[in-house]
Amino acid sequence: MGATHLPSTEFDETAADDQLEAEAEAQLGSPAEPMVQLLAPDGTLGTDPVFSAYADRLDGEKLRGFYADMAKIRRFDVEATALQRQGQLALWVPLTGQEAAQIGSGRASQPQDYIFPTYREHGVALTRNVDLAELLRQFRGVSNGGWNPKDTNFHLYTLVLAAQTPHAVGYAMGIQRDQKAAAAVAADGAQDRPAEPKAAVMVYFGDGASSEGDVHESMVFAASYNAPVVFFCQNNHWAISVPSSVQTRIPLSNRAKGYGFPGIRVDGNDAIAVHAVTEWALEHAREGKGPVLIEAFTYRVGAHTTADDPTKYRKSAEETLWRAKDPLDRLEKYLRAQGLADDAFFDQVKADGDELAAYVRKTTYDLETPDIRTAFANTYVEAHPLVAEELAWFEEYSAGFAETPEHNSAEPGSPDPDDAATGVAR
Amino acid sequence: MTTMTIAKAINEGLRATLDNNPRTLLMGEDIGALGGVYRVTDGLLAEFGADRVVDTPLAESGIIGTAIGLALRGYLPVCEIQFDGFVFPGFNQITTQLAKMHARSNGNLTVPVVVRIPYGGGIGSIEHHSESPEALFAHTAGLRIITPSNAHDAYWMTRQAVECQDPVIVFEPKRRYWLKGEVDTQNPGASADPFKAHVLREGTDATVVAYGPLVPVALAAADAAAEDGHSIEVIDLRSISPIDFDTVTASAKKTGRLVVAHEAPTFGGIGGEIAARISERAFLSLEAPVIRVGGFHMPYPVAKVEEDYLPDIDRILEALDRALAY
Numbered sequence: 000m001g002a003t004h005l006p007s008t009e010f011d012e013t014a015a016d017d018q019l020e021a022e023a024e025a026q027l028g029s030p031a032e033p034m035v036q037l038l039a040p041d042g043t044l045g046t047d048p049v050f051s052a053y054a055d056r057l058d059g060e061k062l063r064g065f066y067a068d069m070a071k072i073r074r075f076d077v078e079a080t081a082l083q084r085q086g087q088l089a090l091w092v093p094l095t096g097q098e099a100a101q102i103g104s105g106r107a108s109q110p111q112d113y114i115f116p117t118y119r120e121h122g123v124a125l126t127r128n129v130d131l132a133e134l135l136r137q138f139r140g141v142s143n144g145g146w147n148p149k150d151t152n153f154h155l156y157t158l159v160l161a162a163q164t165p166h167a168v169g170y171a172m173g174i175q176r177d178q179k180a181a182a183a184v185a186a187d188g189a190q191d192r193p194a195e196p197k198a199a200v201m202v203y204f205g206d207g208a209s210s211e212g213d214v215h216e217s218m219v220f221a222a223s224y225n226a227p228v229v230f231f232c233q234n235n236h237w238a239i240s241v242p243s244s245v246q247t248r249i250p251l252s253n254r255a256k257g258y259g260f261p262g263i264r265v266d267g268n269d270a271i272a273v274h275a276v277t278e279w280a281l282e283h284a285r286e287g288k289g290p291v292l293i294e295a296f297t298y299r300v301g302a303h304t305t306a307d308d309p310t311k312y313r314k315s316a317e318e319t320l321w322r323a324k325d326p327l328d329r330l331e332k333y334l335r336a337q338g339l340a341d342d343a344f345f346d347q348v349k350a351d352g353d354e355l356a357a358y359v360r361k362t363t364y365d366l367e368t369p370d371i372r373t374a375f376a377n378t379y380v381e382a383h384p385l386v387a388e389e390l391a392w393f394e395e396y397s398a399g400f401a402e403t404p405e406h407n408s409a410e411p412g413s414p415d416p417d418d419a420a421t422g423v424a425r
Numbered sequence: 000m001t002t003m004t005i006a007k008a009i010n011e012g013l014r015a016t017l018d019n020n021p022r023t024l025l026m027g028e029d030i031g032a033l034g035g036v037y038r039v040t041d042g043l044l045a046e047f048g049a050d051r052v053v054d055t056p057l058a059e060s061g062i063i064g065t066a067i068g069l070a071l072r073g074y075l076p077v078c079e080i081q082f083d084g085f086v087f088p089g090f091n092q093i094t095t096q097l098a099k100m101h102a103r104s105n106g107n108l109t110v111p112v113v114v115r116i117p118y119g120g121g122i123g124s125i126e127h128h129s130e131s132p133e134a135l136f137a138h139t140a141g142l143r144i145i146t147p148s149n150a151h152d153a154y155w156m157t158r159q160a161v162e163c164q165d166p167v168i169v170f171e172p173k174r175r176y177w178l179k180g181e182v183d184t185q186n187p188g189a190s191a192d193p194f195k196a197h198v199l200r201e202g203t204d205a206t207v208v209a210y211g212p213l214v215p216v217a218l219a220a221a222d223a224a225a226e227d228g229h230s231i232e233v234i235d236l237r238s239i240s241p242i243d244f245d246t247v248t249a250s251a252k253k254t255g256r257l258v259v260a261h262e263a264p265t266f267g268g269i270g271g272e273i274a275a276r277i278s279e280r281a282f283l284s285l286e287a288p289v290i291r292v293g294g295f296h297m298p299y300p301v302a303k304v305e306e307d308y309l310p311d312i313d314r315i316l317e318a319l320d321r322a323l324a325y
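Quick mapping for you: the protein sequence lines, in order, are chains E and B. Residue numbering for the first sequence is 0 to 425, as defined by numbering that gives the first Met the number 0. Residue numbering for the second sequence is 0 to 325, as defined by numbering that gives the first Met the number 0.
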């Protein structure tokens, strides 16, 4: 037997200093690259020639709401991570560090807008009033979706990276046609109802997915047809273990120029700036001015998923640097300094978070395992002979396991033998 | 009844669909002013405008992906993929997104997208223009796959594909685009159900199952076999997913011998699926193993030798001889 090698807790430092410096700049941002920031990490509010006007729309109540949402979703993230560690979820995808990017952008959307998330947008889901316990269905293995997107205009999570981006553009092309048709009806004077509010689509993806061809094709389509879509890229700096410098050598927002629409890099840990920029972009899209790319410059403070181990590929010093830019801390500083929130508010936020966590935990335990018959039922919309044949076989096969009535008074704790043959959901 | 080519029949089917439902729209490369490389969409841009006959960027994943988005918004997109061999940039969207959307949404969402793909060889074309990738899609649950062999079916299948609430891929036999036939645009008749196989010719000694471009070949082989005194039944499968096994099984039980012919390679193909199912359903009625006639396990060969690759009358007759010799 050779010597035992324990896994290292920190990846080996082998790169040369100048390379590290270049990578650090790519990771942390360069002062030379313009980035919209209103709320600095120290909690002071700066100004921006365009976006301060949008920030001015936010009153104390809205800002407290941002903080409460961010705290709530961070608490939810902790709970879901714990649920995974306890074996209650197969996997969890943490969002900690990206709260401002998600809450700021989600709160800028309106009910008539349609949102296509990737799989980490728990914060956006919160802003769209998706029941957060529903989000856990997929991670508990009881659904591949979990909620009905028609209820909230928040689409299902998409796990094939960037595959949702062309869906968003197509949906936006549909909105375009609907609005054109509505305008034609209105011009005829036949409209007896108030006009539907103008809508746009927002699609989320990450720095990793930005390399996928679907992002490129989507941006080409969006530009060609002037589709009302906002591409919201959360550059959280790590595609599992690969740094964003491998995905791009320029700020991702610069790519928009190549497609011919505006691209804006915003401090993704600044909820006020993210909200302002997204509100501007969605208005731009709704008004028929075409697509916008927003790059929210942020950081995935935790692991990619609960199956990941960031100590294998990045320095804890980098995480420390980013923790100093924490989105919650800076808004708390601002709210306290402006006298917009006091201890009672923050205590209440904490209590609400704990209540949500308890609700989510309880609901997770209660999530029902579906019957596989629902999968038979949902493969096709219309009747399908092969599905019917296989279902019939399955029923007959399952029935063979049913115990005879005299053995039905099974010992305590044994599963109900009829379980497999009952409960057709639809 | 009107006589028209398969290409014209599809054109008329699309026109009827655009006329009937304002939510229908066509998307694809060069389908507008040019009318498609096969002119299948000829004249539709002028008639219905650029919002409904959409010349897209040259990006198949983008075409299918945006069609999914349009379908989620309540539209009925009909996508044209220019050639069989160029569908693969869109394969991810078709198999991971389009096919699964209804299932993964627990039935809440439907994406009734139609994908039209001209397929098959025999046109002397260059690489990637002559392939038959239908089995790759048939293996994917959530999709329906149909393929017309004549003008009447081409007209009705086009309309039925759009009316179906599931995603449908229509494989169009490109070397038959100019094959003329009678089309009744008022009444589908026996073609009311696109997923049902048709017995085109009754026989008693053996059955040949074919679809798409090989249906006329199978019928010609049956004619030739008749001259040798063999009564051959010919089935046009019409639907590749689902497959109408009831019709095929009934025929196999009657004749006891089954030959399946397609242009696609036999290995892992539709013929193998039919052979396996019929072996289970009609084992005691079979006088011979189910025999497949198809392409070889190689990339589609160069045009100058494609006649050696493609199943023809003689290849089907050779298979029938083997089946009848048992």
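From the three backbone atoms N, C-alpha and C, an ideal C-beta is built for every residue, glycine too.
It is roughly 13 Å from the alpha-carbon of E/Gly140 to the alpha-carbon of E/Ala132.
Within the region 214 to 237 of chain B, no residue places its CB atom closer than 9 Å to a CB of chain E. At least one C-beta of chain B is nearer than 8 Å to the C-beta of E/Glu216. Within the same chain, Ala150, Tyr176, Trp177, Leu178, Lys179 come within 7 Å of B/Thr4 by CB-CB distance, once the 5 residues on both sides are set aside.
E/Gly267 does not reach chain B, its nearest Cβ partner there being about 26 Å away, counting only Cβ pairs nearer than 9 Å. Taking all protein chains in view, the Cβ of E/Gly301 is crowded by 16 or more other Cβ atoms within 10 Å, so the residue is classified as buried. Within a 10 Å sphere around the beta-carbon of B/Ser240 sit 16 or more other beta-carbons, which makes this residue buried.
For B/Asn186, the number of other beta carbons within 10 angstroms of its own is below 16, and it is reported as exposed.
Taking E/Phe296 as reference, the option from E/Val273, E/Lys314, E/His283 with the minimal CA-CA separation is E/Val273. Counting along the chain, B/Ile315 sits inside the alpha helix (DSSP H) bounded by residues 312 to 324. Burial check for E/Asp206: the Cβ neighbour count within 10 Å reaches 16 or more, so the residue is buried. At a C-beta separation below 9 Å, E/Pro384 has these neighbours in chain B: Phe194, Pro241, Ile242, Asp243, Phe244, Asp245.
Within the region 39 to 74 of chain B, the runs of alpha helix (DSSP H) that reach at least 4 residues and sit entirely inside it are, in chain order, 43 to 47, 59 to 71.
Against chain E, a Cβ distance below 7 Å from B/Thr206 picks out nothing, because the smallest value is about 19 Å. Per the C-alpha coordinates, the member of B/Leu24, B/Arg22, B/Arg115 positioned closest to B/Glu133 is B/Arg115. From the beta-carbon of B/Arg280, no residue of chain E is found nearer than 9 Å; the closest lies around 10 Å away.
E/Asn234 carries a strand assignment under DSSP once its states are collapsed to helix, strand and coil. B/Val52 is positioned such that its CB atom lies no closer than 8 Å to that of B/Val113. Around B/Tyr74, the same chain offers Arg22, Leu24 as residues with beta carbons nearer than 7 Å, after the five sequence neighbours per side are excluded.
Look at the region 169 to 206 of chain E and you find these whole runs of beta strand (DSSP E), each 3 residues long or longer: 200 to 205. In the DSSP assignment, B/Thr246 falls within the unbroken alpha helix (DSSP H) covering 244 to 254. E/Val92 carries a coil assignment under DSSP once its states are collapsed to helix, strand and coil. By the rule that beta-carbons nearer than 8 Å mark a contact, B/Arg115 does not touch chain E. Shown here, B/Asp183 sits in coil according to DSSP, grouped into three states, outside any helix or strand.
The beta carbon of E/Phe260 does not come within 8 Å of any beta carbon belonging to chain B, so the residue lies off that interface. Straight across, the Cα-Cα distance linking E/Asn128 with B/Tyr210 is about 50 Å.
For B/Ile67, the chain E residues whose Cβ falls inside 8 Å of its Cβ are Pro165, His166, Gly169, in order along the chain. Between B/Tyr118 and B/Ala6, the alpha-carbon positions lie close to 13 Å from each other. Of all alpha-carbon atoms in B/Gly255, B/Gly268, B/Pro300, the one lying nearest the alpha-carbon of B/Leu283 is that of B/Gly255. For the region 124 to 137 of chain B, there are no residues whose beta carbon sits under 9 Å from a beta carbon of chain E.
Proximity of chain B to E/Asp213 at the Cβ level (cut-off 7 Å) is accounted for by Ser60, Gly64, in chain order. Residue pairing of B/Ala191 in beta bridges, as defined by DSSP: absent, with no partner found. Taking the CA atoms as reference points, E/Glu394 sits about 16 Å from E/Pro369.
Within a 10 Å sphere around the beta-carbon of B/Gly12 sit 16 or more other beta-carbons, which makes this residue buried. The straight-line gap separating the alpha-carbon atoms of E/Ala357 and B/Met297 is approximately 59 Å.
Of the residues assessed, E/Trp91 falls on the buried side of the cut-off, its CB having 16 or more other CB atoms within 10 angstroms.
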